[in-house]
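Reminder that position 205 of the sequence shown reads as 856 in this note's numbering, one-by-one numbering, no gaps.
Everything below concerns the one structure shown next.
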Amino acid sequence: MGRSGKWVHRSSSVAQTLFAMGLVVLFLMVAGVAGLLVFDQVRQFIAASDTLPDFTIQHEEPSAVSYEPGEPLPRWEGTERVNILVMGIDQREHEHGPWRTDTMLVLTIDPVTMSGGMLSIPRDLWVPIPGYEEGRINTAHYIGEVYDYPGGGPALAAETVQYNLGIPIHHYVRVNFTAFEPMIDLIGGIDVYVEEEIVDPTYPDESYGYDPLYIPAGWQHFDGEMALKYARTRHTAGGDFDRAKRQQQVILAVFEQVTRLDLLPQLALRAPELWQTLQGSVVTDPDLTLDKIIALAQLASEVNPENIRYGVIDEHYTQFWTTPDGQEVLIPLRDRIRELRDYIFTTEAPLPQTSDPAARLEAEAATIEVLNGTMTAGLAALTAEYLQQQGLQIARTDNADRSDYPETLIIVYTGKTYTAEYLAHLLDLPLTAVIYGADPTAEHDISIILGADYRPPEQQETD
């Protein structure tokens, strides 16, 4: 496969041994779940070696992949940006699911510009779930499992993130948090600086009761159990946002421990234990094979840390809201999220910041189709004529796939979100009408589907 040398494929029931350098796979997964500086830390971990030692990994598929000792690390041959959704589930030992996702983030790497990024997504973000009603984004996984969505919960979660962020999700990884505890014990625990005292009288135990938690401020040495509690507790003023920061602290401490030069030989000897810890704890999409993971990790190791961007969809990009049935959720401020998304997932120069919208519209040069999703004849043609008068490129008008759309939608396929939001303003629509259906191969950049709530421009002027 390309520059990776001769690879041997064979059916096997060989011993499940994790190769020493293959620990990068474990650390890549764990770092993703916590949303930390995975690229920089992986770079430090594997920079000292460019060959693979002897190892064999058994796959769930009939064929396994075995690497010969001394082979070069597999190289990533693609040229397109790669986005990976990483999910963590809070699975208890005696539970059988399905589960909601407790943590979601997207990792990205561009092999051409040699840049990377990471975006963390709050579990309470209130979004449309494709094919289902609106709900918390962490319920997409649950719904996918319950209703046998093709690919299950992870696939529907990936589709939901793609739909709402407007970026393609090429791969996904799901990790069970319970794997963290024994792993941290295997490396001898971690040292973490606790910024403020934590008092959580309602920390949950395994029997749906309480296990009161107290952690004093200052430097603490955590075993696996305490590290997991520190990462999971939400009993602080910042709630889930503080919790995300603590998770980052924990995983950074893990990396600081395992990348110590005097610890690596010990970890190599205990590699079988670490592999056993992973069994049943990690699920990936079928296309994210071991060789791809290692190739991506090797690619990430070559990215300059200065070329990595990070972001969290926190209180600056959302607003608190209580649903009619009493759920406390986060409403996405899509215009702000779009700016954060573009910062992390693009390397192109930003659109000109000018008070004249014509310059930005000209820079995007979006092609638009207008579709009538109502029973009102001629509505698409009327709207298209109005938009053309405003200087926009209308490539097509037609009827939508059905005539009972309750709300008007502006679907962005190719990331030209300024034009989409400008359209919402022109048509007197809320920004929530703009949704993201990433498809770089779409025939048109933007589709407008007119719904029952839509008032033609002539009606808007008389109101």
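Backbone N, C-alpha and C fix where the C-beta goes; we use that ideal spot for every residue, glycine too.
- The segment 753-766 and the segment 728-735 touch, with three or more beta-carbon pairs separated by less than 8 Å.
- Excluding its 5 nearest sequence neighbours in each direction, residue 1074 has C-beta neighbours in its own chain below 6 Å: 1061, listed in chain order.
- Sixteen is the threshold: when 16 or more other Cβ atoms of the shown chains lie within 10 Å of the Cβ of residue 897, as they do, the residue is buried.
- Assignment of residue 823 by DSSP, reduced to helix, strand and coil, places it in the strand class.
- Contact check for residue 759 against residue 739 fails: the beta carbons are separated by 8 Å or more.
- Distance between residue 726 and residue 954, taken at the CA atoms: about 14 Å.
- Under a 10 Å Cβ-count criterion, residue 790 is classified as buried, with 16 or more other Cβ atoms of the shown protein chains found around its own Cβ.
- Annotation for residue 749: 793, 796, 797 and 804 place their beta carbon closer than 7 Å to its own, counting only its chain and skipping 5 residues before and after.
- Residue 1026 and residue 852 have their C-alpha atoms roughly 58 Å apart.
- Rounded to whole angstroms, the separation of the alpha carbons of residue 775 and residue 985 is 15 Å.
- For residue 813, the enclosing alpha helix (DSSP H) begins and ends at 803-816.
- Here DSSP, grouped into helix, strand and coil, assigns residue 773 to coil.
- Going by beta carbons, residue 1031 and residue 1038 fall outside the 8 Å limit.
- For residue 1009, the closest C-alpha among the options 831, 939, 946 and 1043 is that of 1043.
- Three or more beta-carbon pairs drawn from the segment 975-992 and the segment 777-786 are found closer than 8 Å, and the two stretches are therefore classed as touching.
- An exposed status is given to residue 785, since fewer than 16 other beta-carbon atoms sit within 10 Å of its beta-carbon.
- Taking C-beta atoms as the reference points, residue 1059 and residue 1097 fail to come closer than 8 Å.
- Residue environment: residue 817 is assigned as buried (16 or more neighbouring CB atoms within 10 Å of its CB, all protein chains considered).
- Note: residue 962 is bridge-paired with 770 in the DSSP secondary-structure output.
- Within the same chain, 964 and 968 come within 7 Å of residue 988 by CB-CB distance, once the 5 residues on both sides are set aside.
- In terms of Cβ geometry, residue 811 and residue 854 do not form a close pair [threshold 8 Å].
- Closest in C-alpha terms to residue 1108, from the list 943, 1034, 773 and 1041, comes 1034.
- In this structure, the beta-carbon distance from residue 878 to residue 901 falls below 8 Å.
- Taken in chain order, the complete alpha helix (DSSP H) segments of 4 or more residues contained in the segment 1032-1096 are 1068-1077.
- Setting aside the 5 residues that flank it on each side, residue 1102 is surrounded in the same chain by 1024, 1056, 1057, 1058 and 1059, each with a C-beta closer than 6 Å to its C-beta; the list follows chain order.
- In this structure, DSSP gives residue 871 an extended state, which the three-state scheme calls strand.
- Beyond the five residues adjoining it in sequence on each side, residue 1018 comes within less than 7 Å, by CB distance, of 1044, 1046, 1095 and 1096 in the same chain, given in chain order.
- The beta carbon of residue 1082 lies closer than 7 Å to those of 985, 986, 1072 and 1075 in the same chain, with the five residues before and after it left out.
- Here the C-alpha atom of residue 881 lies approximately 13 Å from the C-alpha atom of residue 862.
- By the neighbour-count criterion, in which a residue is buried when 16 or more other Cβ atoms sit within 10 angstroms of its Cβ, residue 872 is exposed.
- By the neighbour-count definition (other C-beta atoms within 10 Å, threshold 16), residue 860 is an exposed residue.
- In the structure shown, the three-state DSSP call for residue 751 is coil.
- Across the structure, residue 808 and residue 788 are spaced so that their CA atoms are roughly 8 Å apart.
- One thing to note: residue 824 has its Cβ no nearer than 8 Å to the Cβ of residue 904.
- In the displayed model, residue 947 falls within a helix according to three-state DSSP.
- Under the criterion of beta carbons closer than 8 Å, residue 908 and residue 841 qualify as touching, at roughly 6 Å.
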